[in-house]
Amino acid sequence: MSLKSVASTHHGAAVPAESGGSTGGPSVGQGSTETGEFFQAADDYRALADILPQAICRKDEDGRYLFVNQRYCAWVGRASGEIIGKTDFDLFAHEVAQILCEDDRRAFEGGESFPTKYELPGREGVLTHVLRGPVRDDVGHTSAVYAVVWEESGDKLQKHLDLEQEIFLLRALMDTIPDSIYFKDRDSRFSWINRYTAAKFGIVGPAEADGKTDFDFFTVEHAGQAFRDEQEIIRTGRPLVNLEEKETLPDGHIKWASTTKMPLRDAGGRIIGTFGISRDITEKKHFEDQLAHQAFYDPLTQLPNRALFHDRLDHLFRRGRRKGAKPFLFSVIYLDLDRFKGVNDSLGHAAGDDLLVQFGRRLETCLRPGDTLARVGGDEFTVLLEDIASEADATTVAERIHRALTPPFNVNGTEIFSSASVGIALSSTGYKQPQDMLRDADTAMYRAKANGRSRHEVFDSDMHQRAVSLLQLETDLRRAVERGECRVYYQPIVDLATRRLSAFEALIRWQHPTRGMVMPDLFIPIAEETGLISSIGLWVLREACTQTRKWQRRFPQDPPLRICVNMSTRQLAQIDFVDQVRRTLEETDFDPKDLTLEMTESALMHNLKTGAAAIQKLHEMSVKLDIDDFGTGYSSLAYLQTFPVDTLKIDRSFVARMKRDEPGQTEIVRAIIGLAHNLGMEVTAEGVETAEQIEALQALNCTRAQGYFLSYPLPAEAAEALLARDLPLF
Ligand code: C2E
Ligand code: CA
Ligand code: CA
């Protein structure tokens, strides 16, 4: 019994296989437009399908027949017109249909082709092979299932059939695979491509590529390279494996592919062409590019990062070292945003980020296309200027940068004025290592910052010397206090009404074992930067109180001798600052009323929150507060008034300009004194160097004076001698 009879037992008359299709053409084109399209797209398959000795069909997701070949019609025993659009349940016994449908489902959902063997009910003794696989559309969705059916009869013919079967399956497989597969002749003309390749080329079907070459589908460059590769394979017989290629398609799309190309040989081993398989790796490539971008670019500003900058700089160094290289000059510029922290602290990090981005954009406008601008740290940028003619080229860029930064930035509607300190290093200094050049540009930048910001400095070797010696100084400073290298000097402060000494200002000195006397202007900034100021400041306070207490006992006066001690910003910010002062006073038996702490305006401004509380507590302890260097900061007097300030110390720069030929300057001092008195504060003039200044200050009702004219800062013994003499100081 044949399957035909299985079907016929349910559906009546069987149709002879030969009449399954019309004689004029394939029977399967009728009934379904989709099948029609399929065959239009692949003419060769239509013929192939009907010649094949296997039964072939295609079914949609619901199991409805879309296409059958002649052999299939014969197998079922019906004409194609009776099959298309029907399901197995219409054609076979229920039991049979159920078995077939279940496996169709598997093929549809499984995504892989697979073989099955049945001994179908009613076909005992005959093995029915069905090979199924999904049919995918161009985007990879399974749209249908194909099935190839043949029966095993023990016939010798079967072997031949198996071979044809294999070829068919191979093609079916190649057409469902989402990779490009192609065969080419010795002249690199396509002899066969799979459907995926056809879709990629934008042609209707694979047949359209016959006889064409890569030049018809790619750019000349790409096609030329492919042609050369293939000719090489044909010449040598050596394959090209996993070659990464960039492909520019006709519509301008760029794709990346990993391609393997092999020689194609005939049965005699002669090379008759090539074949290749290439996989689209565009997405992988994008991902890799993204990773590479992340490794070398700053995500905030999209500028090159430190790693990439180093890389470019390194490249220039290597170029310079190459034998016979023409000498060339390049420059590294190091930039640091002035007062960036303030923006971050007051307006928030989002605003800070915004400023950095805008800052980067402006810097870009100052450079030539070949220059590299990188963000190398929070608010630090570097520029690499290649091939410049002279140092002047680098300083010109720096000047351009300062100009570009002059207009305010608009951050969330707030106008922010920013500037940068710029350090420049030139390759003519003769660097061996890129990092040395960067370090020097950095050093020069610090110099620029120290010299008053918003300026640039070109690195010179003196600077290096200074930098090295500062570093050494820092190391030495750590041990200075414990080794007893520090001294306190005492400079008299004189009451202008009584002409007598009313207080000393304690001024630290460092007796360095090899450098001699080091002045505080040099090491106090280092102490502040390193945090050493806390212990140094405390030591000065203790020393000054101890000494002054001794003098108070020995030379009693009314009011008692006062001591003025300088406090730096960092100390005020310390949480236990007030406790430390209180303890020191207790331990030295010093009356808090006789202590004055001197703080600059900026020290106060920097610590508005913590500082205000500390100052209030000190005030409650009766410790007095003086504003040091008054007039050099930016604060308004009205603002300072919110602190319990006792005395303003007019900065010596104002006093120095109080000369007969600079009457305007005297007016400034007069205004400060007037204002201070109105606010209930007293005034000490610093840096008094002449009798003339003393007279003028007396005339202006200034409370006290301090300066070389009255006395230099003195070591304790000399200060004591002065106290002992007890004479008017002018
Ligand atoms: P300052 O607080 O303004 O101290 C006054 C400075 O002016 C002292 O410099 C003093 O020697 C100098 N001076 C006094 N009279 C005259 C004069 O008539 N003409 C000129 N041109 N200068 C005069 P010094 O001792 O070198 O101290 C410099 C700065 O170092 C001080 O300025 C102060 O800010 C800081 N400093 C000194 N000792 C300490 C300390 O123990 N702790 C802290 N935090 N800072 C200190
Ligand atoms: Ca002072
Ligand atoms: Ca001062």
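For the record, in the sequence shown the residue sitting at position 426 is 772 according to our numbering, with numbers rising by one throughout. All residues carry an ideal CB built from backbone N, CA and C; glycine is no exception.
The C-beta of tyrosine 1058 has fewer than 16 other C-beta atoms within 10 Å across all chains shown, which makes the residue exposed. Relative to ligand 2, the beta carbon of glutamate 889 is positioned no closer than 6 angstroms to any heavy atom. Near ligand 3, meaning a Cβ closer than 6 angstroms to any of its heavy atoms, lie the following residues in chain order: Asp974, Asp975, Lys995 and Glu1032. Spanning the alpha carbons of leucine 719 and serine 999 requires a straight line of approximately 41 angstroms. Using a 10 angstroms sphere on the CB of glycine 1053, the tally of other CB atoms reaches 16 or more, which defines it as buried.
Assignment of methionine 520 by DSSP, reduced to helix, strand and coil, places it in the helix class. Threonine 1030 and glutamate 944 have their C-alpha atoms roughly 12 angstroms apart. Exposure of arginine 611 is indicated by the presence of fewer than 16 other C-beta atoms within 10 angstroms of its C-beta. Leaving aside the five residues that flank glycine 619 on each side, the residues in its chain whose CB is nearer than 6 angstroms to its CB run, in chain order, Lys530, Asp531, Arg532 and Leu610.
In the three-state scheme derived from DSSP, where H, G and I count as helix and E and B as strand, glutamine 903 is classed as coil.
A direct Cα-Cα distance of roughly 32 angstroms separates isoleucine 854 from glycine 769. Residues Ala697, Gly698, Leu701 and Ile762 of the same chain have their beta carbon placed closer than 7 angstroms to that of valine 689, with the five preceding and five following residues left out of the count.
In this structure, the alpha-carbon of threonine 946 lies about 23 angstroms from that of phenylalanine 1055. Look at the beta carbons and you see the segment 668-678 not touching the segment 744-762: under three pairs across the two are nearer than 8 angstroms. Per DSSP, the unbroken alpha helix (DSSP H) holding serine 999 starts and ends at 998-1002. Sequence-distant partners of valine 991 (beyond 5 residues in either direction) whose C-beta falls short of 6 angstroms from its own C-beta, in its chain, are Leu971, Ile973 and Met1027. Annotation for glutamine 857: the continuous beta strand (DSSP E) segment containing it runs 847-858.
Shown here, isoleucine 600 sits in a strand according to DSSP, grouped into three states.
As computed with DSSP, methionine 913 is found in no beta bridge at all.
Ranked by how close their Cα comes to the Cα of arginine 1003, the residues Gln1039, Glu510, Leu1025 and Thr993 have Gln1039 in first place. Residue environment for lysine 955: exposed (fewer than 16 other C-beta atoms within 10 angstroms of its C-beta).
Per DSSP, the beta bridge partners of alanine 1031 are Ile996 and Ala1051.
For the pair of segments examined, the segment 752-761 was found not to touch the segment 773-783: the number of CB pairs separated by less than 8 angstroms stays below three.
According to DSSP, residue pairing for glycine 619 in a beta bridge involves Asp531 and Leu610.
Residue state for proline 673 is assigned as coil, using DSSP reduced to three classes. Remark: the shortest separation between the CB of methionine 865 and any heavy atom of ligand 1 falls under 6 angstroms. Shown here, tyrosine 542 sits in a helix according to DSSP, grouped into three states. For the set Asn415, Ser459 and Gly468, the Cα lying nearest the Cα of glutamate 441 is the one of Gly468.
With a cut-off of 6 angstroms, the C-beta of serine 692 is classified as distant from ligand 1, since no heavy atom of the ligand falls inside that distance. At least 7 angstroms separates the beta-carbon of serine 534 from that of threonine 565. When C-beta atoms of the segment 431-448 are compared with those of the segment 405-414, three or more pairs fall below 8 angstroms, so the two segments count as touching.
Where cysteine 447 is concerned, the enclosing alpha helix (DSSP H) starts and stops at 440-456. If you check the C-beta of leucine 637 against ligand 1, you find no heavy atom less than 6 angstroms away. In the three-state reduction of the DSSP assignment, glycine 427 falls in the helix class. Bounds of any alpha helix (DSSP H) do not take in asparagine 588; it lies within the beta strand (DSSP E) bounded by 586-594.
With contact defined as three or more Cβ pairs closer than 8 angstroms, the segment 481-498 and the segment 511-529 are in contact.
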